[in-house]
Amino acid sequence: VVFCDYAASGRSLQFIEEYILREVLPTYGNTHYTTSITSLQTTLFRQEARDIIRNSVNASEEDAVIFSGHGCSDALEKLISALDLREPPIIFTGSSEHHDNLHLWQKTGAKIIRIGETKDGHLDLTDLEQQLRLHHQPNADHHRRLIGCFSIASTATGILIDDIACTILLHQYGALAFWDFNAGAPCVQVDMNPQIPGCDSDERSAYKDAIYFSGHKFVGGVQTPGVLIAKKAIFRRVNTCEPDGFFASTENGKSFDTQEEGSCAAVVESIRAGLVMQLKETVSVPIILQRMEKINKQMLQHIRTIPEIILLGNNSPNVKRIPVYSFMVRHPRGIFLHHNFVCAVLNDVFGIQARAGCPCSGVYAQDLLGIDQSLADQYENIILEDRRLSSLNLGVENSTLQLLRPGFTRISLPYFINDAELAFIMEAVKMVATEGWKLLPQYVVDLDTAEWRHHTNAVSKDRKWLSSIRYIDGKMTMNERRISGPGLFPQNYSECLQTARNLFNKARKTVNRAPYPDQGIAFDSRGEKLRWFMLQHEAQSLLTSNAQNVKQTVPFDPVGYSSRRSEKDFEKEEKREDLAQPQPNPCGSPSLPSIDDPRIIQCSSPVPYFLQDVNGLYYPQMSQGTVNFAVGESVNSSMSQHLQQNFARERCLSLGAPNVSPPLLSPSTRVSLGMGSRQRQFSYSSQNEPNSLESDANTSPTHSLTLLPGYDCSQCGRSSPAQDLQTYVTEMTKELATNIKSEIREVISRVTILLI
């Protein structure tokens, strides 16, 4: 399993869990009192964890550090309760704010004002100042409190916000500055009281009024609570757990932080939160930022070479961001692959755990997808109407309308990922984007949840059961779980990629030999107009050379999206024009070192990251410190590397090319993936494979040799049937225009970069 959803939750670390098992749990006691050694030690552990977090975020004695609930939303809810608002406030928020946080403010009756973004994806400070000036009423007797509530980073694009400039601007107009560090706290600097030259200590200072985040976002932070750091001065009401007996008489002796928590906060989980924050500080934020920069450069460079992938948001390498990438996959015919299907293939074929849908902010996702309000209303009306009819038992049986909800695929990577794993993820994403549609006929979709599963695994046959546990003779026993499936399973990344290549290559032959039963998904005229994804029977038609049965137009185009909507755009939306063909992506990024760069892959773990000088050459940038992880790569930047030639990376052609073979993996990438020396073997293009590649164990997993003019297939013991040859020629003719468009798109991107 390759976990690629660190933006949602971090995974456990063995050394942290072992410490808790050996040191914390044996001395665990109730923190209501400190008269026994267990209660005293547990209380001291939790207080030390609080101090670790306090020092890490640069909190002062005027700041309270509070453990709250199960996550960020619980921390914000406690903050709102402590404010004891007499009148509904005015909330200024960014486009990417979490919908759960907005819901908490909406329950107070707050007026929510969304601040627009610039074309680069940054918060529009000019729009923010205009809104602050409009609502600022310093001379009013009963003015509503102004509160800025912003996320430090988008959970969809990973783009970071300038928190200091925004905070200074908010304080200039008397507004409170609340910051959601949920996405950024595990990897960026969290500074409650930054010292900025030229800023005095009055209302123009850069201090934050409150910060909140979820501890479970950190690597090793499983089950940790929400963390709230806030100025004590803004607390108008202290909330504690219900006291009884002796504790009521000693409440005043408790610290401010403990009074606000009561004694109800999760104790062991709070200690774990301190440990994961300590780990972050040991690695150090500069080292984390350097490694994230290196990951971002490689991923963005790689994605730019795959025309089938549409990366949402600003894809410039010069934008500060965390390694979060949201994308859609578009078939060369123009239609998208469903995001849940993309995630299913990543999981089933490669074991990559990604996320699908519109996480966190639906409005922001709507903007990223290029869906205007008129089109969004159409989707909402048809989906809600289907739900209402279903609740009244009047709906159509097996309705397909829930599938229409747009979404995207998101992968998020940790800073300690090693080169072999990163190379594997990049190759897997490319394969799914270019070849994944071939497996579509083998999948069935749950019409209620829009989840796609392979037809052989419609139910989770390999799931684990708590009910399998038995308590016999004072011992816990359980049934041994056996993984089902024929044959041997891949033992490393290279074998997994080879297995995936074989699956894609055999897709055509499998469909021709025994077509899969059609699930019979169909839409009425309204639904068909809003359908944006490929269906199973359309993929099967492509595999059997009936390409005329495939839909080629979609109701929205993420490629044409360039900027977010401001508050005025939320109030009034212009009507969407007639459906148009997809336009070339105007966004691009300069040439960056690819995963095939031997400077990166051949160096020992860990590796330095590279910067580009004015002449376009790359030089290594060194960092300091070393931390070893149980999983992933060690963090060390005290190495030097010699500059070597940078090899450009070509894209994986899903439909081949009439005179060019797909690119080979470089020797350095093969070493990183644990692959042996390559032995050349021959096959046809992956789309028109008349024979499988079961015996090609030593062939590059991303390579297949296209049928070149004049090449005699009989030399390697294979022949091309006339039907398959005709299919090949037909498909190559149809895809020639698509390949030309891809090249034009690349040229436009490079010209755009030069103009910028």
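Per the UniProt record's numbering, the very first residue in the sequence shown carries number 1; after that it's consecutive.
Glycine residues also receive a C-beta, built at the ideal position from the N, C-alpha and C atoms.
Presumed contact (8 Å Cβ cut-off) between residue i and residue j, rounded CB distance
i       : j       : result
Val-24  : Phe-3   : About 25 Å; that fails the 8 Å criterion.
Val-267 : Thr-27  : About 11 Å separates the two Cβ atoms, so there is no contact after all.
Phe-408 : Phe-327 : 6 Å
Ile-115 : Leu-123 : 6 Å
Val-349 : Leu-170 : With a Cβ gap of about 48 Å, Val-349 and Leu-170 do not count as contacting.
Thr-400 : Leu-447 : 6 Å
Leu-403 : Phe-556 : No, Leu-403 and Phe-556 are not in contact; Cβ-Cβ is about 15 Å, not under 8 Å.
Asp-257 : Ile-66  : 6 Å
Asp-367 : Ser-95  : 6 Å
Ser-73  : Val-222 : Not confirmed; about 18 Å, so no contact.
Arg-50  : Gly-274 : 7 Å
Ile-159 : Val-363 : Contact flag wrong, Cβ pair sits at about 16 Å.
Gly-184 : Ile-152 : 4 Å
Residue i in three-state terms, based on DSSP
i       : result
Ile-168 : helix
Tyr-415 : coil
Trp-452 : strand
Thr-31  : coil
Met-328 : strand
Gln-681 : Any reading at Gln-681 is ruled out, since the residue's pLDDT is 38, under 50, leaving its predicted position unreliable.
Glu-117 : strand
Val-188 : coil
Phe-523 : coil
Lys-107 : coil
Ala-210 : strand
Asp-63  : strand
Thr-409 : strand
Arg-321 : strand
Phe-45  : helix
Ile-161 : coil
Val-614 : Unreliable positioning characterises Val-614 in this predicted model, as indicated by a pLDDT of 39, which lies under 50. The coordinate reading is nonetheless provided below. Looking at Val-614 - three-state DSSP - the assignment turns out to be coil, as it is neither helix nor strand.
Arg-54  : helix
Lys-464 : coil
Arg-86  : coil
Gly-220 : coil
Lys-294 : helix
Residue i, buried or exposed, once every other Cβ within 10 Å from all chains shown has been counted against 16
i       : result
Pro-286 : exposed
Glu-385 : exposed
Met-476 : exposed
Gln-298 : buried
Ile-90  : buried
Phe-213 : buried
His-537 : buried
Glu-117 : buried
Lys-280 : buried
Phe-15  : exposed
Ile-740 : exposed
Glu-380 : exposed
Lys-294 : buried
His-111 : The sequence shown places Lys at residue 111, rather than the His named in the question. By the 10 Å Cβ count, Lys-111 comes out exposed.
Asp-5   : buried
Pro-323 : buried
Tyr-207 : buried
Asp-524 : exposed
Gly-109 : exposed
Leu-466 : exposed
Sheet register partners of residue i (DSSP bridge)
i       : result
Cys-149 : Thr-93 and Phe-178
Gln-353 : Phe-3
Met-478 : Ile-469
Ser-68  : Gly-226
Lys-231 : Asp-63
Leu-311 : Phe-327
Phe-533 : Phe-336
Tyr-443 : His-454
Leu-123 : Glu-117
Ile-112 : Ile-91
Exercise for the section: Take every Cβ of the segment 309-327, pair it with every Cβ of the segment 79-93, and state whether three or more of those distances are shorter than 8 Å. Expected result: Cβ pair count under 8 Å is below three, so no.
Handout entry: Validate contact between the segment 538-551 and the segment 505-523 using beta carbons, cut 8 Å, 3 pairs
Key = Contact annotation: the segment 538-551 touches the segment 505-523, with at least three C-beta pairs closer than 8 Å.
Problem - the segment 291-305 touching the segment 123-140, judged by at least three CB pairs closer than 8 Å - result: The segment 291-305 vs the segment 123-140: no contact.
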